[in-house]
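To get the working numbering, take the position in the sequence shown, counting from 1, and add 359. Glycine is no exception: its CB is placed at the ideal position from the N, C-alpha and C atoms.
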Amino acid sequence: MTTPDETTEILNRPLSRELLARDITRLAYVAKDGTPRNVPVGFSWNGTEIVMCTAKNAPKLAHLRQNPAVALTIDTEVHPPKILLIRGRAELDVTDGIPDEYLEMNTTYQMTPEQRVEWEAGVRSLYREGMVRIVVTPTWAKLIDFETTLPTAVEELIQQQAERQATDS
Numbered sequence: 360m361t362t363p364d365e366t367t368e369i370l371n372r373p374l375s376r377e378l379l380a381r382d383i384t385r386l387a388y389v390a391k392d393g394t395p396r397n398v399p400v401g402f403s404w405n406g407t408e409i410v411m412c413t414a415k416n417a418p419k420l421a422h423l424r425q426n427p428a429v430a431l432t433i434d435t436e437v438h439p440p441k442i443l444l445i446r447g448r449a450e451l452d453v454t455d456g457i458p459d460e461y462l463e464m465n466t467t468y469q470m471t472p473e474q475r476v477e478w479e480a481g482v483r484s485l486y487r488e489g490m491v492r493i494v495v496t497p498t499w500a501k502l503i504d505f506e507t508t509l510p511t512a513v514e515e516l517i518q519q520q521a522e523r524q525a526t527d528s
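Encoded structure:
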């Protein structure tokens, strides 16, 4: 586990900031029946929290109320991939209107100004009754760039190999 200071340091790295500026994360949580779920969802980063917004009747909300532990993955589609892994607890904030974060998180999609006006009108009509903000404060983070950082299992294999070579010498 990372300490709060280590988590903050990881999230403040330039590559982490780049990944936190992306549009989509994958939200993993545990369903009521104990099985895992993983869904792509739009998000925004406000400097301390990841905010995702959803419909008030989204099935994931009942699961998150029962077990708020979540994991997030934000990554790239290039080789080698750049991956930011985050763990935290989801807090649910029911809103009467459309959260600003929802409108902001969708500004990176390529839309003409006319498409943007049409999209926003559709959102306001669809979510007339409001939305739920899913707010995650990171409690753990790992950045994998395959250059300076690797998945933990690979790091352990490299360490074991180095130790074997040192005792063989």
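> When the Cβ atoms of the region 399-408 are set against those of the region 477-491, are three or more pairs found closer than 8 Å?
Replying inline: no
> If you draw a straight line from the C-alpha of Arg-446 to the C-alpha of Leu-516, how long is it?
Replying inline: The count along the sequence shown starts at 1 and reaches residue 446 at position 87. The count along the sequence shown starts at 1 and reaches residue 516 at position 157. About 24 Å.
> Going by other Cβ atoms of all chains shown within 10 Å of its Cβ, with 16 needed for buried, is Arg-492 buried or exposed?
Replying inline: As a first step, residue 492 must be located in the sequence shown, where it is residue number 133. With 16 or more other Cβ atoms within 10 Å, it is buried.
>> Buried or exposed for Val-494, going by 16 or more other Cβ atoms inside 10 Å?
In response: Locating residue 494 in the sequence shown gives position 135, counting from the first residue. By the neighbour-count rule (16 or more Cβ atoms within 10 Å), Val-494 is buried.
> For Ser-528, does the count of other Cβ atoms within 10 angstroms reach 16, so buried, or fall short, so exposed?
Replying inline: Stepping through the sequence shown from its first residue, residue 528 is reached at position 169. Classification of Ser-528: exposed, given that the 10 Å Cβ count is below 16.
>> What does the Cβ neighbour count give for Glu-477, buried or exposed, with the cut at 16 atoms within 10 Å?
In response: Residue 477 sits at position 118 when you count from the first residue of the sequence shown. So Glu-477 ends up on the exposed side.
> DSSP three-state call for Met-411: helix, strand or coil?
Replying inline: By one-based count along the sequence shown, residue 411 stands at place 52. Reduced to three states, the DSSP call for Met-411 is strand.
> From Arg-376 to Arg-396, what does the alpha carbon distance come to, in whole angstroms?
Replying inline: In the sequence shown, the residue the question calls residue 376 occupies position 17. In the sequence shown, the residue the question calls residue 396 occupies position 37. Going from the Cα of Arg-376 to the Cα of Arg-396 covers about 26 Å.
> Which runs of the alpha helix (DSSP H) fall wholly inside the region 429-487 and span at least 4 residues, in chain order?
Replying inline: 459-464, 472-485
>> Nearest by alpha-carbon distance to Ala-500: which of Gly-393, Lys-391, Ala-414, Ile-433 is it?
In response: Here the question's residue 500 lines up with position 141 in the sequence shown. The candidate whose alpha carbon is nearest that of Ala-500 is Ile-433.
> Pick from Met-470, Glu-463, Ile-457: whose alpha carbon is nearest that of Val-482?
Replying inline: In the sequence shown, counting from the first residue as 1, residue 482 sits at position 123. Val-482 has its Cα closest to that of Ile-457, out of Met-470, Glu-463, Ile-457.
> Do you know offhand how far Ala-417's Cα is from Lys-391's?
Replying inline: Indexing the sequence shown from 1 puts residue 417 at position 58. Indexing the sequence shown from 1 puts residue 391 at position 32. Near 14 Å, if we compare the C-alpha coordinates of Lys-391 and Ala-417.
> If you pair each beta-carbon of the region 424-432 with each one of the region 376-389, do three or more pairs fall below 8 Å?
Replying inline: yes
> Got a sec: does the ligand SAH put a non-hydrogen atom nearer than 6 Å to the Cβ of Asn-405?
Replying inline: No copy of the ligand SAH occurs in the structure displayed, which carries no ligand at all.
>> What would DSSP say about Ser-375, mapped onto helix, strand or coil?
In response: Start at 1 with the first residue of the sequence shown, and residue 375 comes out as number 16. Looking at Ser-375 - three-state DSSP - the assignment turns out to be helix.
> Run through DSSP, which three-state label would Thr-384 get?
Replying inline: Taking the sequence shown and counting its residues from 1, one reaches residue 384 at position 25. Of the three classes helix, strand and coil, the one that applies to Thr-384 here is strand, per DSSP.
>> Check for me: the beta strand (DSSP E) holding Lys-501 runs from which residue to which?
In response: Residue mapping note: residue 501 aligns to position 142 of the sequence shown, counting from 1. Start and end: 490-503.
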